[in-house]
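Peer 1:
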Amino acid sequence: MAQHLPPEELLLDYAAGTLAEPLSLLVATHVTLSPESRRQLRTFESIGGAMLDSVEPAQMAPDALESVMAKLDADADAAVGSGLAERPRAAAAAGSQETVPAPLRDYLKRDFDALPWRERGSSVAEFSLLPDYPGYKTRLLRIRAGAKIPQHTHGGGEYTLVLEGSFSDESGRFARGDVAVADPDVTHQPVAGSEGDCICLAVTDAPLKMTGPLGRILNYFVDM
Ligand code: ZN
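First residue of the sequence shown: 23, per the working numbering; consecutive thereafter.
#1: Is it right to say Arg-60 is buried, meaning 16 or more other beta carbons lie within 10 angstroms of its own, or is it exposed?
#2: Using a Cβ-based criterion (distance less than 7 Å to any ligand heavy atom), does Leu-230 qualify as near the ligand ZN?
#3: Please write down, chain order preserved, every residue whose beta carbon lies under 5 Å from a heavy atom of the ligand ZN.
#4: Would you mind stating whether Leu-163 and Val-184 have Cβ atoms separated by less than 8 Å?
#5: Can Leu-326 and Tyr-181 be called in contact, C-beta distance under 8 Å?
#6: Do Thr-51 and Glu-123 have their beta-carbon atoms positioned less than 8 Å apart in this structure?
#7: Look up Tyr-181 in the DSSP assignment and give the residues it is bridged to.
#8: Who are the near neighbours of Glu-141 in its chain, counting only those whose CB is closer than 7 Å to its CB and skipping five residues on each side?
#9: Over what stretch of residues does the beta strand (DSSP E) that includes Leu-130 continue unbroken?
#10: For the beta strand (DSSP E) holding Leu-230, just list the boundary residues, first then last.
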């Protein structure tokens, strides 16, 4: 089970349908892997419903309740779907590759192995998603088992969901379903676990800034 959950405000915005598509994809995928976040979402939804009840009817659009109910139904469907998504994973646990969670599969339409990964040096490969979405960089990263990502800090927010393997940094160890959040106050050097390649979905809303000894050179060459 995921140990590192996304911040509450991210789930709240997801429940309200106000997240930008890259982050919405990340949260939807996380939610399929985390019963705890599904419970949290249901709580937010019931609070949202209670708030609607307390609003003067005249202030609401005629179809407001209907659209909220439709949203709740859709989220419930997503939660049910996630239960299904975990089953093939159990089947795959005997050594074969883990499956792509449903919300992400809708975008990739294939397994991780079948993606046209772009090598970024000897230990990192990436695959871009939603390349035209303004203001966000969305990509899958595949970090070779045991390899280090260059030390860096962040120009803005960085949201990382682990899909396979694990990585560790100054704030702990992150495995499948975990979400790591970093910002300009965080400098870190993630290291992939030795058990296998780490595949994660990373969303940033500003470029990373390399801070290690080779930082300036890397900033010049690597468009992270
Ligand atoms: Zn980072």
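By construction, the Cβ of each residue, glycine as well, lies at the ideal position given by its N, Cα and C atoms.
Peer 2: For this structure:
#1: Buried, since its Cβ has 16 or more Cβ neighbours within 10 Å.
#2: Yes, the ligand ZN has a heavy atom inside 7 Å of this Cβ.
#3: The filter returns Glu-180, Ala-204, in chain order.
#4: no
#5: The displayed coordinates of the chain run from 23 to 246. Any statement about residue 326 would go beyond what the structure contains.
#6: According to the sequence shown, residue 123 is Pro rather than Glu. Inclusion of Pro-123 and Thr-51 in the CB contact set at 8 Å is warranted, their separation being smaller than that value.
#7: Val-203, Val-225
#8: Ala-147
#9: Leu-130 -> not in any beta strand (DSSP E); alpha helix (DSSP H) instead, spanning 124-130.
#10: 230-232
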